[in-house]
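K.L.:
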Amino acid sequence: MKFADFVCFEAIIPELEANDRDGVIAELVSSLDKAGKLGKGNCKAITREVIKREKEASTGMGKGVAVPHVKHKLVKDAVVVIGQSSVGIDFSALDKQPVYSVILLVSPADNPDKHLQAMENIFKHLQYEKFRKFLRQCRDKAHVEDLLREADENPTL
Amino acid sequence: MENVVCETEIEIKNADGLHMRPAMQFVDIANQFDSDITVRNKETEVDGKSIMQMSMLAATCGTILKIKAEGSDAEKVISALRELVEEKLFGEPAP
Chain E
190 MKFADFVCFE
200 AIIPELEAND
210 RDGVIAELVS
220 SLDKAGKLGK
230 GNCKAITREV
240 IKREKEASTG
250 MGKGVAVPHV
260 KHKLVKDAVV
270 VIGQSSVGID
280 FSALDKQPVY
290 SVILLVSPAD
300 NPDKHLQAME
310 NIFKHLQYEK
320 FRKFLRQCRD
330 KAHVEDLLRE
340 ADENPTL
Chain U
3 MENVVCETEI
13 EIKNADGLHM
23 RPAMQFVDIA
33 NQFDSDITVR
43 NKETEVDGKS
53 IMQMSMLAAT
63 CGTILKIKAE
73 GSDAEKVISA
83 LRELVEEKLF
93 GEPAP
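Order-wise, the sequence lines are chains E and U.
Going by this note's numbering, the first residue of the first sequence is number 190, and it counts up by one from there.
Going by this note's numbering, the first residue of the second sequence is number 3, and it counts up by one from there.
#1: Quick check on residue 258 of chain E: does DSSP put it in helix, strand or coil?
#2: Starting from the N-terminal side, write out each stretch of the beta strand (DSSP E) that is 3 residues or longer and does not extend beyond the segment 264–336 of chain E.
#3: Going by CA-CA distance only, name the one from U:64, U:52 and U:47 that's closest to residue 70 of chain U.
#4: Within the 8 Å Cβ cut-off, does residue 37 of chain U reach chain E?
#5: By the criterion of Cβ-Cβ separation under 8 Å, what are the contact partners of residue 248 of chain E in chain U?
#6: Out of U:72, U:14 and U:16, point me to the one whose CA is closest to residue 51 of chain U's CA.
#7: Using the beta-carbon of each residue, which ones in chain E are nearer than 7 Å to residue 17 of chain U?
#8: Based on the DSSP output, what are the partners of residue 232 of chain E in its beta bridges?
#9: Below 8 Å on the Cβ atoms is my contact criterion, and I expect residue 54 of chain U with residue 312 of chain E to pass it. Report the Cβ-Cβ distance as a whole number of Å.
#10: For residue 193 of chain E, is the classification buried or exposed, using 16 other Cβ atoms within 10 angstroms of its Cβ as the cut-off for buried?
#11: Using the beta-carbon count (16 or more within 10 Å), is residue 97 of chain U buried or exposed?
#12: Say whether chain E places a C-beta atom closer than 8 Å to the C-beta of residue 55 of chain U.
#13: Pair every Cβ in the segment 231–240 of chain E with every Cβ in the segment 12–26 of chain U, then say whether three or more of these pairs are closer than 8 Å.
#14: Measuring CB to CB, does residue 6 of chain U end up less than 8 Å from residue 85 of chain U?
#15: The alpha helix (DSSP H) spanning residue 26 of chain U covers which residue range?
#16: Measure from the C-beta of residue 40 of chain U to each C-beta in chain E and report whether the shortest distance is under 8 Å.
#17: Say whether chain E places a C-beta atom closer than 8 Å to the C-beta of residue 32 of chain U.
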């Protein structure tokens, strides 16, 4: 799987307005909704579920990234949106540090394997410091899209 | 201290596979030991103590993982991880 297979490029938010965890999640889910990725009328329910999941255990994995996610019966395909914050957001991350890049994944409830494949692809790149640094430096949608497409072509970026 | 190497295969048996929460449980247990721990699927070998690396295994239900522990407590590592994955199923349902 590649980023281009499941990232909704038009929904990317290069500078998040919200500065708290729940606000950021709502902003990102709403952006996916506006891009028509979630089916009509599902935005609030999905936002609620992502926040609920996040409260159970933080997806702030450390090193400035968080990967909030949920498997939800209302969505048909796995879809990812990315939001960036230059001020940093408190995600109760494992290393207690602020989060600058948020990668939000919504996947169908009945296809756990697809969910794992999307996660595999995300972490394949996030584990590289260079990728995390480049991502954090992107300041507009097109830059993020370019970076992800480049990462698709060059897995060790 | 004596350096022991233990290697085994374990099967992912919970329906949702090794998603983030199970991966975190795995890493939490792995980090209680001194041994170096590597986990391998067909293509990839990762550090069993790193959540980012464990999350990229994409081990679905039915996947066989090779776990290697190297250090004085290597045997304990293997039995603790086997218990978590194959007996407790990370506290999750089977398919």
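Even for Gly, the Cβ is constructed at its ideal location relative to N, Cα and C.
Bear in mind the structure is a predicted one, so any value in this text is a computation, not a measurement.
P.N.:
Based on what the coordinates show:
#1: As a working mapping, residue 258 of chain E is identified with position 69 in the first sequence. DSSP places residue 258 of chain E in strand when its eight states are reduced to three.
#2: 268–278 and 288–297
#3: To locate residue 70 of chain U, count along the second sequence from 1; it is residue 68. Looking at the Cα atoms, U:47 is the closest of the given residues.
#4: As a position in the second sequence, residue 37 of chain U is number 35, starting the count at 1. Not one chain E Cβ lies under 8 Å of residue 37 of chain U.
#5: Indexing the first sequence from 1 puts residue 248 of chain E at position 59. Correct list: 22.
#6: The residue labelled residue 51 of chain U in the question sits at position 49 within the second sequence. Checked all of U:72, U:14 and U:16; the closest Cα to residue 51 of chain U is U:72.
#7: Your numbering for residue 17 of chain U matches position 15 in the second sequence. Here the neighbours are 301.
#8: Position 43 of the first sequence, counting from 1, holds the residue named residue 232 of chain E. Bridge partners of residue 232 of chain E: none, in fact.
#9: Translated into the one-based positions of the second sequence, residue 54 of chain U becomes position 52. Translated into the one-based positions of the first sequence, residue 312 of chain E becomes position 123. Rounded, the Cβ-Cβ distance is 5 Å, consistent with contact.
#10: As a position in the first sequence, residue 193 of chain E is number 4, starting the count at 1. Residue 193 of chain E comes out exposed.
#11: By one-based count along the second sequence, residue 97 of chain U stands at place 95. Label assigned to residue 97 of chain U: exposed.
#12: Position 53 of the second sequence, counting from 1, holds the residue named residue 55 of chain U. Chain E, which has a Cβ nearer than 8 Å to the Cβ of residue 55 of chain U, makes this yes.
#13: no
#14: Counting from one through the second sequence, the residue named residue 6 of chain U turns up at place 4. Counting from one through the second sequence, the residue named residue 85 of chain U turns up at place 83. Against a cut-off of 8 Å, the Cβ pair of residue 85 of chain U and residue 6 of chain U comes out as no contact.
#15: Translated into positions along the second sequence, residue 26 of chain U becomes position 24. Looking at the DSSP string, the run of the alpha helix (DSSP H) that includes residue 26 of chain U is 22–32.
#16: Taking the first residue of the second sequence as position 1, residue 40 of chain U is located at position 38. Not one chain E Cβ lies under 8 Å of residue 40 of chain U.
#17: As a position in the second sequence, residue 32 of chain U is number 30, starting the count at 1. No, because no Cβ of chain E sits closer than 8 Å to the Cβ of residue 32 of chain U.
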